[in-house]
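Asks: Position 85, counted from 1, in the sequence shown is what full-length UniProt numbering calls 85; the numbers after and before it change by one each time, with no gaps. Even for Gly, the Cβ is constructed at its ideal location relative to N, Cα and C. Before we start, here is the structure in question, set down as structure tokens.
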Amino acid sequence: MIDWPSHIRATGLRSTRQRVATLESLAGLPHATADELLNQVRQSLPAITIQSIYTVVQSLVDVGLVRKLEFGPTAARFEIQHFDNHHHVHCRVCGRIEDVPCQHGSAPCMSPVETHGMVIDTADVVYHGTCTSCLDALDHPTVGDTKVSA
Ligand SMILES: [Zn+2]
Ligand SMILES: [Zn+2]
Ligand SMILES: [Zn+2]
Numbered sequence: 001m002i003d004w005p006s007h008i009r010a011t012g013l014r015s016t017r018q019r020v021a022t023l024e025s026l027a028g029l030p031h032a033t034a035d036e037l038l039n040q041v042r043q044s045l046p047a048i049t050i051q052s053i054y055t056v057v058q059s060l061v062d063v064g065l066v067r068k069l070e071f072g073p074t075a076a077r078f079e080i081q082h083f084d085n086h087h088h089v090h091c092r093v094c095g096r097i098e099d100v101p102c103q104h105g106s107a108p109c110m111s112p113v114e115t116h117g118m119v120i121d122t123a124d125v126v127y128h129g130t131c132t133s134c135l136d137a138l139d140h141p142t143v144g145d146t147k148v149s150a
């Protein structure tokens with residue numbers, strides 16, 4: 001059991017029930033969207049709103065306890081920040097996301113050809129593709145999806 005209140009206080013933030021419940025929920029629900037997080041946090045705080053979730057999770061992102069992940073046009077996802085610089089594989093069909101270790105280990109693990117004068121500290125790497133169960137489903141469409149020609 002992680003002592004979230006002391007982790008929160010160590011960042012200078014106040015430890016609130018909403019912040020603790022959000023971190024506890026995220027620990028069991030990696031790569032959750034705000035909606036998924038809301039459903040989970042409501043188990044312990046039934047009155048919490050989606051607006052509160054956004055506010056709470058952003059405060060945790062700001063202090064580095066939570067990592068925010070963006071996968072193109074889909075909703076942002078959140079996970080506990082482990083500072084391991086791991087990357088992600090993403091199935092475009094079902095939206096499944098899994099962790100993959102960084103081959104280099106520490107950030108930034110690659111550098112651009114041109115930095116335009118910026119000091120680069122992170123490279124977000126997402127491998128997009130199609131997972132094997134989605135590929136199987138595409139190869140073997142279910143009867144309902146099969147077009148029957150007369
Ligand atoms: Zn898939
Ligand atoms: Zn991850
Ligand atoms: Zn890397």
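(1) Would you say H128 and H90 are within 7 Å of each other, going by their C-beta atoms?
(2) Taking all protein chains shown into account, do 16 or more other C-beta atoms lie within 10 angstroms of the C-beta of F78, making it buried, or fewer, making it exposed?
(3) At which residue ranges does the region 65–117 contain complete alpha helix (DSSP H) runs of 4 or more residues, listed in the order of the chain?
(4) Assuming V66 contacts I80 (C-beta within less than 8 Å), just tell me the rounded distance between them.
(5) So if DSSP puts V126 in a beta bridge, which residue, or which two residues, is it bridged to?
(6) Would you call M118 buried or exposed, if buried means 16 or more other Cβ atoms sit within 10 Å of its Cβ?
(7) Which of helix, strand or coil does DSSP assign to A32?
Replies: Quick look at the numbers:
(1) yes
(2) buried
(3) none
(4) 6 Å
(5) H88
(6) exposed
(7) strand
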